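**Q** Numbered by our numbering, the letters in the sequence shown go through residues 25 to 227 in order.
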Amino acid sequence: MPLATAPAPVPAPDRDTGLARAPAPVSGSRCPADLLAALRRAVRQHGDWDLTARRVAQALGRHLPGPDILTAAEREGDPDAYRQHLLHAEADGSFSVVGLVWRPGQITPVHDHVTWCVIGVLQGAEYEELFALREGGTVLEDVGTNAGAPGDVSGFAPPGDIHRVRNRGSDVAISVHVYGADISRLGSSVRRVYDLPVRTARR
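Following this line, the structure appears as structure tokens:
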């Protein structure tokens, strides 16, 4: 697998929302050819979002790259906020591949997505908190957690995809995300950021 080449600079994080700003445009693709071929086969079967996410997760699991899909500078992360790096945007807009880098303690706001997403952890660990809307959409309830280790692949599709992700470990965490949208055009897969009270679900 070829090592990553230096990309264009990435914009600073968006301090208003807590989300990383749109990644820099990418010329061509920085993904391995075998990974792209597998993702295209999965996406082009044209299932619903849940089925597509499952198919893409299987494809990514079989062809999960290493952390060196990012440059050494990208793998260091940013002290201000987590960063995202666009690795591929399919010409027809059907999917994009993004690398995310989290230094210890970095976290997203609670948010959901415009489309399905598949995540593969390449380095470190990512901790995910899951939420559901309650009381007519005025309150969030925590409904579960996931801890992703290197090699773990998971996927989801809206609705029911409200979550928050953080690096609770002591090392830099790196993951690759496949989104069913053109991130080079949208800038982000996030549909909404939630600033609502959170209550603990009864266990």
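For every residue, glycine included, the Cβ atom is placed at its ideal position computed from N, Cα and C.
It should be emphasised that the depicted structure is a prediction, and the values quoted were computed from it without experimental measurement.
In this structure, how does DSSP classify alanine 66 when only helix, strand and coil are distinguished?
**A** Residue 66 sits at position 42 when you count from the first residue of the sequence shown. In the structure shown, alanine 66 sits in a helix (DSSP, three-state: H, G or I).
**Q** Count Cβ pairs between the segment 141 to 154 and the segment 182 to 201 that sit closer than 8 Å; are there 3 or more?
**A** yes
**Q** When you compare the CB positions of glutamine 147 and isoleucine 198, do they come within less than 8 Å of one another, or not?
**A** In the sequence shown, counting from the first residue as 1, residue 147 sits at position 123. In the sequence shown, counting from the first residue as 1, residue 198 sits at position 174. Yes, Cβ-Cβ distance for glutamine 147 and isoleucine 198 is below 8 Å.
**Q** Can you name, in chain order, every residue of its own chain whose Cβ lies under 8 Å from the Cβ of tryptophan 73, other than the five neighbours on each side?
**A** Position 49 of the sequence shown, counted from the start, is the residue given in the question as residue 73. Thr139, Trp140, Ala181, Pro182, Gly204.
**Q** Check aspartate 166 in the structure and name its three-state DSSP category.
**A** Here residue 166 is taken as the residue at index 142 of the sequence shown, counted from 1. In this structure, aspartate 166 counts as strand in the three-state DSSP scheme.
**Q** Could you say which of Asn191, Ala225, His137 lies nearest to valine 163 if we only look at CA atoms?
**A** Here the question's residue 163 lines up with position 139 in the sequence shown. Among Asn191, Ala225, His137, the Cα nearest to that of valine 163 is on Ala225.
**Q** Find the nearest neighbour of valine 145 within the set Glu159, Gly161, Gly172, Arg54, judged by alpha-carbon distance.
**A** In the sequence shown, the residue the question calls residue 145 occupies position 121. Out of Glu159, Gly161, Gly172, Arg54, Gly172 has the C-alpha closest to the C-alpha of valine 145.
**Q** Quick one: residues in its chain with C-beta nearer than 6 Å to the C-beta of histidine 112, no 5 flanking neighbours on either side, listed in chain order?
**A** Numbered from its first residue, the sequence shown carries residue 112 at position 88. Only Ser53, Cys55, Val121 meet the Cβ criterion.
**Q** Please list, in chain order, all residues of the same chain as arginine 79 whose beta carbon is under 7 Å from its beta carbon, the five residues on each side excluded.
**A** In the sequence shown, residue 79 corresponds to position 55, counting from 1. Around arginine 79, the same chain offers Ala66, Gln69, Gly71 as residues with beta carbons nearer than 7 Å, after the five sequence neighbours per side are excluded.
**Q** Residues in its own chain within less than 8 Å of valine 167 by CB, not counting five upstream and five downstream?
**A** Within the sequence shown, numbered from 1, the residue matching residue 167 stands at position 143. Closer than 8 Å at Cβ, skipping near neighbours: Leu154, Phe155, Ala156, Ala225.
**Q** Is the Cβ-Cβ distance between proline 89 and leucine 59 less than 8 Å?
**A** Numbered from its first residue, the sequence shown carries residue 89 at position 65. Numbered from its first residue, the sequence shown carries residue 59 at position 35. Yes, these two residues count as a Cβ contact at 8 Å.
**Q** Within the same chain, show all residues whose beta-carbon is closer than 8 Å to that of glycine 85, passing over the 5 residues directly before and after it, in chain order.
**A** Taking the first residue of the sequence shown as position 1, residue 85 is located at position 61. Contacts found: Gly144, Val177.
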